[in-house]
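Notes follow the structure.
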Amino acid sequence: MSVNVKKELDAFGKYIVKQSRTNLTKQKKNDRGNLYKSISYDLKVSKNSFELSFSMEYYGKFVDKGVRGVNSSTKA
728 MSVNVKKELD AFGKYIVKQS RTNLTKQKKN DRGNLYKSIS YDLKVSKNSF
778 ELSFSMEYYG KFVDKGVRGV NSSTKA
């Protein structure tokens, strides 16, 4: 059973990373910079549990909320 759960969580992690990168490129018009490269997931498997976590550059949460920055010509 745990092999199936691990397989599904791994597939889910890859899906979320792919969707996050797709959303970023749509927002930032093909941005392939540090934020794009930093989006990742980590799956930790223990004897009685699974832990799935996602990470990205710190400023990614601001980009996700629509913050454009001080010198942006477009409004958030």
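One point on numbering: in the numbering used here, the residue at position 36 of the sequence shown is 763, and numbering is uninterrupted. Glycine included, every Cβ here is placed at the ideal spot set by N, Cα and C.
Residue j beta carbon less than 9 Å from that of residue i
i: Lys787; j: Leu762; result: Contrary to the premise, residue 787 reads as Gly rather than Lys in this sequence. Taking 9 Å as the Cβ cut-off, Gly787 and Leu762 qualify as a contacting pair.
i: Val790; j: Leu751; result: yes
Residue from the options with nearest C-alpha to residue i
i: Ser765; options: Ser729, Phe781, Phe777; result: Phe781
i: Val684; options: Phe789, Lys792, Leu779, Val794; result: Nothing can be reported for residue 684: it is not among the residues displayed for the chain, which extend from 728 to 803.
i: Gly740; options: Val794, Ser773, Lys792, Phe777; result: Phe777
i: Met783; options: Arg748, Lys733, Glu735, Ser729; result: Arg748
i: Ser767; options: Gln754, Tyr742, Val732, Ser729; result: Tyr742
For residue i, three-class secondary structure by DSSP
i: Ala803; result: Any reading at Ala803 must be qualified, since the residue scores a pLDDT of 49, below 50, and its modelled position is unreliable; the value itself is stated next. Here Ala803 sits in coil by DSSP.
i: Lys774; result: coil
i: Tyr786; result: coil
Extent of the continuous alpha helix (DSSP H) to which residue i belongs
i: Lys792; result: No alpha helix (DSSP H) contains Lys792, which DSSP labels as neither H nor E.
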